[in-house]
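J.: In the order they appear, the protein sequences are chains A and B.
With full-length UniProt numbering, letter number 196 in the first sequence gets 196, and the count goes up by one each step, no holes.
With full-length UniProt numbering, letter number 247 in the second sequence gets 247, and the count goes up by one each step, no holes.
Glycine included, C-beta positions come from ideal geometry on N, C-alpha and C.
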Amino acid sequence: MLKEAVSRQPSAVSPTLSEIKARRRRKDLLWNTLAYAVLVVIALILLYPFYWTLITSLEPSGSIYEAKLLPRGLSLRNYIEVFRGTTVPFWRLIVNSLIICTLGVTLTVTLASLAAYPLAKMRFPGRDLIFYAILVLMVLPNEAGLIVNYITTIKLGLLQQTNPVLDAARQYAAVVLPGVASIVGLFLLRQAYLGVPTELIEAARIDGARELTIWRRIMLPLALPTIVAFSILEFVAYWNSFLWARIMLPDKNLMPLSAGLLELSGTFSTNSRAVMAGAVITVLPILVIFAFGQRYFMKGIEGAVKG
Amino acid sequence: MTTTKGRESRRAQHVRGAQGARVTVRSTLIAYAFMLPFLILLVLYHTWPVFFGTYLAFTKYNIISPPEWVGLENFRTLAADSQFWAGLRNSLKYILVVPVIQFLSIAVAMLVNRPLRGIGFFRTAYYVPVVTSFAVVGLIWTWMYQQDGPVSAVLRFLGLEARGSLLNNPATALYAVMFVTLWKGIGYYMVLYLAGLQAISRELEEAAVIDGATRWQVFTNVTLPGLRPTILVCSLLSTISAIKVFEEIYVMTQGGPAGSTYTALFFTYSRAFVDFQYGLAAAAGLIIAVISILFGFINFKLTRGGKADA
Chain A
1 MLKEAVSRQP SAVSPTLSEI KARRRRKDLL WNTLAYAVLV VIALILLYPF
51 YWTLITSLEP SGSIYEAKLL PRGLSLRNYI EVFRGTTVPF WRLIVNSLII
101 CTLGVTLTVT LASLAAYPLA KMRFPGRDLI FYAILVLMVL PNEAGLIVNY
151 ITTIKLGLLQ QTNPVLDAAR QYAAVVLPGV ASIVGLFLLR QAYLGVPTEL
201 IEAARIDGAR ELTIWRRIML PLALPTIVAF SILEFVAYWN SFLWARIMLP
251 DKNLMPLSAG LLELSGTFST NSRAVMAGAV ITVLPILVIF AFGQRYFMKG
301 IEGAVKG
Chain B
1 MTTTKGRESR RAQHVRGAQG ARVTVRSTLI AYAFMLPFLI LLVLYHTWPV
51 FFGTYLAFTK YNIISPPEWV GLENFRTLAA DSQFWAGLRN SLKYILVVPV
101 IQFLSIAVAM LVNRPLRGIG FFRTAYYVPV VTSFAVVGLI WTWMYQQDGP
151 VSAVLRFLGL EARGSLLNNP ATALYAVMFV TLWKGIGYYM VLYLAGLQAI
201 SRELEEAAVI DGATRWQVFT NVTLPGLRPT ILVCSLLSTI SAIKVFEEIY
251 VMTQGGPAGS TYTALFFTYS RAFVDFQYGL AAAAGLIIAV ISILFGFINF
301 KLTRGGKADA
């Protein structure tokens, strides 16, 4: 529009506004196309292994490890076999994982959200000391953790075998307890509590509310987004943990799914497809949780970095 | 408990203070009651291992009989153990993952930081390997690496011939495992860098563009310095986890073939949970810890403490 007016003298050297705009648009289009191409390639590299495992687990027969884009035939045979033909009953592993996750997430989130309250909103001697001690602990490497925690678990008598019901309860506790005091969780929640207006708490205190009531009625609701984010993070962590349970649990029937999956790959050394089916079942809940909680999840991670 | 006067002065103190409650014996007790369950477990499972583990490093211990102080004997044993040295060498070799993973995740973060349609899908998709258990990831890649599997197909396409699984070949096994670490880790660091990128003010970059800076100049003069704190955190995290690599090894190779993926922490694991030499394992753990601290320090120095100014 302004082309004629503007481009009088310097047009030979400098381009007009609309020319710049057009060039930028062309350039943007080119860059965007390129960006999409790269994005798709990366997505393929990161997701194909999952997809490949899924389609292979659905195939009834054929050469197993072949690279492919579509399954050769569909059947649920491998899935049925996972639930039927193992030394460890597969449904039991799923139940174990659910118990461990429920117990773990509840305890971890409750304890961190309780402990973060005084650190954020109360004054008491030793507060800074405790806070910095926890900070140092996060930085301190803990290579002996696995060894000493194993010893601690034994000394606490959590691996005793006396009667079936008690054994199960103790072993679930043995799996869960080392992870319950989450320093990252404490940080996240403290950060969230710091954003709660102090006047609100003051007012409640003047009204005679007990601290526990303030925590439950004011702090928890206002920190809810962080609590949800942290719960999702913890669920994923408990669901995925396998090493500690594998090292420690004497009873294979009490293993969580991730740990049991490796057991499965031992028993099913002749039928990898069945183990693949097991792997798919293990990943599925995480993907569902992740898909629904993705927004919170990212927030939690970013909070963990910034906090 | 306290006199009225004491309460008055405390109230004054509280008014001056930024935080809420008055400091009284009662409120202190309440505060500690809130923290007690957390602190008990923290001390038991986080603090105690640091001290007891350090003590164990100087003892002979097999759980059944009490620890027996042996001074530096464990460290002498380690110094003479070629397996320990081999593990340490592999752990240090593993640090090669760090620059690659940092470079790639910065690149990916910048890519997904573009305001493109459907970018949310890609961000989410890239995070899927991160949220998957090492047990699953390790198994999937063991299968992917099988002879005539997808990886061989890709290698053949690139004109390379892979005989058998890359994990069964002592020359390639460590790199094959390193690739899995890379594959699983990129999404994680991408999110951290994305947060870092979004913290850099748009105006600064736009001002640079208006001043006639090229894309590359904007990147090196604005973006990269702005990312410096994030780069410090991320390279620190990935260096330390490279030295401590374990789960991938545990699932995929168990230290084999021919010890080619035997890392320092795998040594610690097998001494403790296969041979029941807890003292020796703790000593190895202590050495790994000291090395991680050392690398953390070097990292900190190299990135100039993560200061934003270049």
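Taking the alpha-carbon of B/T253 as reference, which of B/G164, B/A173 and B/F134 has the nearest alpha-carbon?
T.: Within the second sequence, residue 253 of chain B is the residue found at index 253, counting from 1. That would be B/A173, whose Cα lies nearest to the Cα of B/T253.
J.: Considering only the alpha carbon of each residue, which of B/V251, B/L155 and B/R228 lies closest to B/G138?
T.: Sequence index remark: in the second sequence, residue 138 of chain B carries index 138 (1-based). Taking only the C-alpha atoms, the option nearest B/G138 is B/V251.
J.: Using a C-beta cutoff of 8 Å, does B/W183 count as contacting chain A?
T.: Position 183 of the second sequence, counting from 1, holds the residue named residue 183 of chain B. Interface residue, yes.
J.: According to DSSP, which residues form a beta bridge with A/T162?
T.: Stepping through the first sequence from its first residue, residue 162 of chain A is reached at position 162. The partner list for A/T162 (beta bridge, DSSP) is empty, contrary to what the question assumes.
J.: What residue range is occupied by the uninterrupted alpha helix (DSSP H) comprising B/V82?
T.: Position 82 of the second sequence, counting from 1, holds the residue named residue 82 of chain B. Looking at the sequence itself, residue 82 of chain B is Ser, so the reference to Val does not match. First-last of the alpha helix (DSSP H) with B/S82: S82 to K93.
J.: If residue 308 of chain A sits next to A/V180, beta carbons under 8 Å apart, how far is it from one beta carbon to the other, in whole angstroms?
T.: Here chain A has residues from 1 to 307 only, and residue 308 of chain A is not among them.
J.: Using a Cβ-Cβ cut-off of 8 Å, state whether A/F124 counts as contacting chain B.
T.: What you label residue 124 of chain A is simply residue 124 of the first sequence in a count that begins at 1. Yes - at least one Cβ of chain B is within 8 Å of the one on A/F124.
J.: Count the other CB atoms within 10 Å of the CB of A/P141; is the residue buried (16 or more) or exposed (fewer)?
T.: Working through the first sequence from its first residue, we reach residue 141 of chain A at position 141. Result: buried.
J.: Given that B/P150 touches chain A, what residues does it touch there, using C-beta distances under 9 Å?
T.: Counting from one through the second sequence, the residue named residue 150 of chain B turns up at place 150. Here the neighbours are Y48, P49, W52, Y65, E66, A67 and K68.
J.: Can you tell me whether DSSP reads B/E68 as helix, strand or coil?
T.: The residue you call residue 68 of chain B lines up with position 68 of the second sequence. Strand at B/E68.
J.: What is the residue span of the alpha helix (DSSP H) that B/Q102 lies within?
T.: Residue numbering aside, residue 102 of chain B sits at position 102 when the second sequence is read from its first letter. Unbroken alpha helix (DSSP H) run through B/Q102: V97 to V112.
J.: Examine the Cβ distances between the stretch 239-256 of chain A and the stretch 49-68 of chain A and report whether three or more of them are shorter than 8 Å.
T.: Segments in contact, no.
J.: Compile a chain-ordered list of the residues in the stretch 148-173 of chain A whose CB is closer than 8 Å to at least one CB of chain B.
T.: Within the stretch 148-173 of chain A, the qualifying residues are V148, N149, Y150, I151, T152 and I154.
J.: Thinking just about the alpha-carbon of each residue, which of A/I99, A/A229, A/L69 and A/Y132 is nearest to the one in A/W239?
T.: If you number the first sequence from 1, residue 239 of chain A lands on position 239. It is A/I99 whose Cα lies nearest to the Cα of A/W239.
J.: Report all residues from its chain with a CB closer than 6 Å to the CB of B/A21; omit the five preceding and five following residues, and keep chain order.
T.: Against the second sequence, residue 21 of chain B aligns to sequence position 21. Bear in mind that a pLDDT of 47 at B/A21, under 50, signals an unreliable position, so the number given afterwards is only what the model happens to contain. Hits under 6 Å: S27.
J.: Within 10 angstroms of the Cβ of B/G120, are there 16 or more other Cβ atoms? Answer buried if so, exposed if not.
T.: Here residue 120 of chain B refers to the residue found at position 120 when the second sequence is read from its first residue. Classification for B/G120: exposed.
J.: Taking any Cβ of chain A, which residues in the stretch 156-167 of chain B have a Cβ under 8 Å from it, in chain order?
T.: Those residues of the stretch 156-167 of chain B that come within reach of chain A (Cβ to Cβ, closer than 8 Å) do not exist; the list is empty.
J.: What in chain A is Cβ-close to B/S27, meaning under 7 Å?
T.: In the second sequence, residue 27 of chain B corresponds to position 27, counting from 1. M122 and F124, listed in chain order.
J.: Can you check whether the C-beta of B/A86 is within less than 8 Å of a C-beta belonging to chain A?
T.: Here residue 86 of chain B corresponds to residue number 86 of the second sequence, with the count starting at 1. It does not: the Cβ of B/A86 has no partner Cβ on chain A nearer than 8 Å.
J.: Report yes or no: is there a C-beta of chain B within less than 8 Å of the C-beta of A/F242?
T.: Numbered from its first residue, the first sequence carries residue 242 of chain A at position 242. Closer than 8 Å to some Cβ of chain B, the Cβ of A/F242 qualifies, so yes.
J.: Name the chain B residues whose beta carbon is nearer than 7 Å to that of A/P141?
T.: Within the first sequence, residue 141 of chain A is the residue found at index 141, counting from 1. Chain B residues near A/P141: A289, S292 and I293.
J.: Quick check on A/I247 - is its C-beta less than 8 Å from some C-beta in chain B?
T.: Residue 247 of chain A sits at position 247 when you count from the first residue of the first sequence. With 8 Å as the cut-off, A/I247 counts as an interface residue toward chain B.
J.: Where does B/K60 sit, in a helix, a strand or coil, going by DSSP?
T.: Looking up residue 60 of chain B in the second sequence gives position 60. Three-state result, B/K60: strand.
J.: Please list the residues of the stretch 276-288 of chain B that have a C-beta atom closer than 9 Å to any C-beta atom in chain A, keeping them in chain order.
T.: Hits within the stretch, in order: Y278, A281, A282, A284, G285, L286, I287 and I288.
J.: Name the two residues that bound the continuous alpha helix (DSSP H) containing B/T77.
T.: Translated into positions along the second sequence, residue 77 of chain B becomes position 77. E73 to A79 is the extent of the alpha helix (DSSP H) around B/T77.
J.: Return the chain-ordered list of same chain residues with a C-beta closer than 6 Å to the C-beta of A/F297, the five sequence neighbours on each side being excluded.
T.: Looking up residue 297 of chain A in the first sequence gives position 297. Excluding residues within five positions, the ones whose Cβ falls inside 6 Å are I232.
J.: Does DSSP put B/T253 in a helix, a strand or coil?
T.: Position 253 of the second sequence holds residue 253 of chain B. Three-state DSSP puts B/T253 in coil, outside helix and strand.
J.: In the DSSP assignment, find the unbroken alpha helix (DSSP H) run with A/R123 in it and report its ends.
T.: Residue 123 of chain A sits at position 123 when you count from the first residue of the first sequence. Per DSSP, A/R123 belongs to no alpha helix (DSSP H) and is neither H nor E.
J.: Using a 10 Å radius around the Cβ and a threshold of 16 neighbouring Cβ atoms, would you call B/K184 buried or exposed?
T.: Here the question's residue 184 of chain B lines up with position 184 in the second sequence. Per the 10 Å Cβ criterion, buried.
J.: For B/D211, which of helix, strand or coil comes out of DSSP?
T.: Numbered from its first residue, the second sequence carries residue 211 of chain B at position 211. In this structure, B/D211 counts as coil in the three-state DSSP scheme.
J.: If we ignore side chains and look at the alpha-carbon of each, how far apart do A/L264 and A/G293 end up?
T.: Translated into the one-based positions of the first sequence, residue 264 of chain A becomes position 264. Translated into the one-based positions of the first sequence, residue 293 of chain A becomes position 293. Spanning the two alpha carbons is a distance of roughly 30 Å.
J.: List the residues of chain B that A/G145 touches, going by C-beta distances under 9 Å, in chain order.
T.: By 1-based counting over the first sequence, the position of residue 145 of chain A is 145. In chain order: Y45, H46, P49, V50, G53 and G285.
J.: Let's see if you can read the secondary structure: which residues bound the alpha helix (DSSP H) around A/S265?
T.: The sequence position of residue 265 of chain A within the first sequence is 265, counting from 1. A/S265 -> alpha helix (DSSP H) spans L257 to T267.
J.: Does any CB atom of chain B fall closer than 8 Å to the CB of A/V82?
T.: Position 82 of the first sequence holds residue 82 of chain A. Closer than 8 Å: no.
J.: Does B/R271 pass the burial test, meaning 16 or more other C-beta atoms within 10 Å, or should it be called exposed?
T.: Mapped onto the second sequence, residue 271 of chain B falls at position 271. The residue is buried, with at least 16 neighbouring Cβ atoms inside 10 Å.
J.: Check whether the Cβ of A/E19 lies closer than 8 Å to any Cβ atom in chain B.
T.: What you label residue 19 of chain A is simply residue 19 of the first sequence in a count that begins at 1. Closer than 8 Å: no.
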